[in-house]
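Residue numbers (full-length UniProt numbering): 1 to 405.
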Ligand SMILES: Nc1ncnc2c1ncn2[C@@H]1O[C@H](COP(=O)(O)OP(=O)(O)OP(=O)(O)O)[C@@H](O)[C@H]1O
Ligand SMILES: [Mg+2]
């Protein structure tokens with residue numbers, strides 16, 4: 001491996017200054033440019049590798065009221081949405097639900113404050129348009145949405161006003177709920193009513209992204225006759241991992257961009273160990289730039305990734321504490337693929353008692369809906385390579401139980 005000329009070397013210095021392992025949401029201090037191996041979601045169309053199809057589908061999706069952008073964690077959903085936000089001159093309201101992950105519940109106040117932040121990112125002229133709405137006041141140039149009882153801002157009023165402002169501006173209003181599965185934890189408020197109202201009466205478009213595919217469906221209740229959204233048509237776009245060919249090209253291009261010559265065998269080994277999830281490939285490239293060593297970069301990507309997966313799994317267990325041991329048992333039993341009967345056997349062996357069939361089905365379904373397991377025919381498997389590793393035995397008789405913090 002060789003590092004390019006003085007310019008490239010100086011670009012790398014900023015990256016190397018990130019002193020501790022990088023986890024999701026953390027950003028290294030860096031002089032400002034973006035690179036393929038930048039671990040933040042991409043926003044500039046020039047930084048997005050491939051994904052033309054998905055962008056095209058999303059662009060056409062926002063001609064209709066509701067689009068779902070679904071894919072495993074770190075597959076690049078936020079990047080695709082943010083790039084489209086740069087490309088399309090719509091009136092965007094971007095709501096990041098990711099920050100509520102792992103919380104037992106979300107309140108109306110959380111939701112309203114997120115909405116308030118999105119509106120305040122607009123130019124002042126547009127913010128002024130919310131003046132006079134119930135529960136809305138302007139503090140200086142900042143819009144404040146009230147959430148307390150009696151005088152709270154109603155989401156449907158805000159959507160209606162958004163629709164009007166957009167119409168006056170000749171722009172399309174698009175509301176993005178990023179990681180929308182978190183919304184199912186919204187307590188004491190049914191967001192589906194204002195969404196259904198907007199669907200039927202307003203020009204507002206919605207994009208719901210989700211890495212927990214089944215959970216997005218559970219939240220929207222599209223197939224539930226009792227749901228306000230029942231029977232409404234939605235556009236569904238799936239963001240898959242990169243193919244082997246695209247993954248290798250992604251890595252080559254990323255290294256080329258920073259003037260590093262990396263042996264083909266290393267790039268291939270990285271794909272073979274990490275799979276085609278763009279987020280893992282990005283971390284590997286990022287760590288390689290920091291550490292200048294393939295083996296160390298790969299190990300660090302794996303250990304960081306495994307820790308992230310475990311953290312996400314702990315988030316999944318919030319509110320499911322009673323079945324915690326069962327979920328771990330299933331993930332361990334399914335590391336290399338398992339059938340429903342394998343799961344039942346593993347649970348019964350562990351508990352030394354019969355486990356109800358319905359329970360087995362429900363537990364598996366929750367793991368599939370949360371995208372920890374995927375189903376291929378009769379087989380259930382970890383949804384990606386690092387999920388499998390996160391539930392790997394630690395050698396000898398020791399199991400991941402020792403890691404269950
Ligand atoms: N097509 C792409 N081109 C370049 N980088 C990408 C691409 N897709 C994803 N990445 C990178 O992979 C990482 C994960 O991407 P992103 O955050 O957009 O995914 P996500 O699906 O929204 O993930 P999460 O489930 O964690 O919210 C980021 O570092 C991002 O920069
Ligand atoms: Mg995201």
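We treat Cβ as the ideally placed atom computed from N, Cα and C, and that holds for glycine.
query: Hey, quick one: how far does the alpha helix (DSSP H) through residue 366 stretch, first residue to last?; result: 357-369
query: Does the beta-carbon distance from residue 74 to residue 44 come in below 8 Å?; result: no
query: Which residues share a DSSP beta bridge with residue 96?; result: 178
query: Keeping to the same chain, check which residues put their C-beta closer than 6 Å to that of residue 286; ignore five residues upstream and five downstream.; result: 37 and 39
query: Out of curiosity, what's the CA-to-CA distance linking residue 375 and residue 153?; result: 42 Å
query: Report the residue from 116, 216 and 199 whose alpha carbon sits nearest the alpha carbon of residue 68.; result: 216
query: Round the Cβ separation of residue 251 and residue 228 to the nearest angstrom and send it over; I've been treating them as touching at under 8 Å.; result: Not a contact, Cβ separation roughly 45 Å.
query: Please tell me whether residue 180 and residue 173 are closer than 8 Å, where the distance is taken between their beta carbons.; result: no
query: Please check the pair residue 371 and residue 213, which I expect to be a contact at CB under 8 Å, by giving their CB distance rounded to whole angstroms.; result: 6 Å
query: Taking only the alpha-carbon atoms, compute the straight-line gap between residue 23 and residue 90 and give it to the nearest angstrom.; result: Here residue 23 scores only 45 on pLDDT, less than 50, and its place in the model is too uncertain to base an answer on.
query: Whole angstroms is fine: what's the gap from residue 134's alpha carbon to residue 151's?; result: 7 Å
query: When you measure from the CB of residue 67 to every non-hydrogen atom of ligand 1, does any distance come out below 7 Å?; result: no
query: Throw me the rounded Cβ distance for the residue 260 and residue 178 pair, which I believe falls under 8 Å.; result: So it is not a contact: roughly 32 Å between Cβ atoms.
query: Please list, in chain order, all residues of the same chain as residue 389 whose beta carbon is under 6 Å from its beta carbon, the five residues on each side excluded.; result: 306
query: Would you identify the three-state DSSP class for residue 165, choosing helix, strand or coil?; result: helix
query: Grouping DSSP H, G and I as helix and E and B as strand, with all else coil, what is residue 25?; result: For residue 25, the pLDDT reaches just 40, beneath the cut-off of 50, and the residue's location in the model is therefore unreliable, leaving the point undetermined.
query: Do you know offhand how far residue 333's Cα is from residue 348's?; result: 12 Å
query: Give me the Cβ distance between residue 124 and residue 136, rounded to the nearest whole Å; I'm assuming they're in contact under 8 Å.; result: The pair is not a contact, with the Cβ atoms about 15 Å apart (cut-off 8 Å).
query: Smallest Cα separation from residue 165: which of 300, 129, 157 and 139?; result: 129
query: Using 8 Å for Cβ pairs, my map puts residue 275 next to residue 385. What's the rounded Cβ distance?; result: 4 Å
query: Have a look at 115, 50 and 41 and flag the residue whose alpha-carbon is nearest the alpha-carbon of residue 249.; result: 50
query: Just checking, does the segment 233-240 make contact with the segment 52-64 on the three C-beta pairs under 8 Å criterion?; result: yes
query: Under the criterion of a Cβ to heavy atom distance below 7 Å, does residue 247 qualify as lining ligand 2?; result: no
query: In the DSSP assignment, the alpha helix (DSSP H) including residue 346 goes from what residue to what residue?; result: 340-351
query: Mapping the DSSP letters down to three states, classify residue 52 as helix, strand or coil.; result: helix
query: Hey, would you say residue 209 sits closer than 8 Å to residue 303, going by beta carbons?; result: no
query: So, are the CB atoms of residue 413 and residue 185 less than 8 Å apart?; result: Residue numbering for the chain in the displayed model covers 1 to 405; residue 413 lies beyond these limits and cannot be assessed.
query: Just to be sure I understand the criterion: a residue counts if its Cβ is closer than 5 Å to at least one heavy atom of ligand 1. Which residues meet that?; result: 39, 41, 42, 48, 49, 51, 73, 74, 75, 76, 77, 78, 79, 211, 278, 279 and 282
query: In angstroms with no decimal places, state the Cα-to-Cα distance between residue 211 and residue 82.; result: 16 Å
query: Considering only the alpha carbon of each residue, which of 336, 378, 149 and 341 lies closest to residue 360?; result: 341
query: Need the endpoints of the beta strand (DSSP E) that residue 429 sits in, please.; result: Because residue 429 is not part of the residues shown, which for the chain are 1 to 405, the question remains open.
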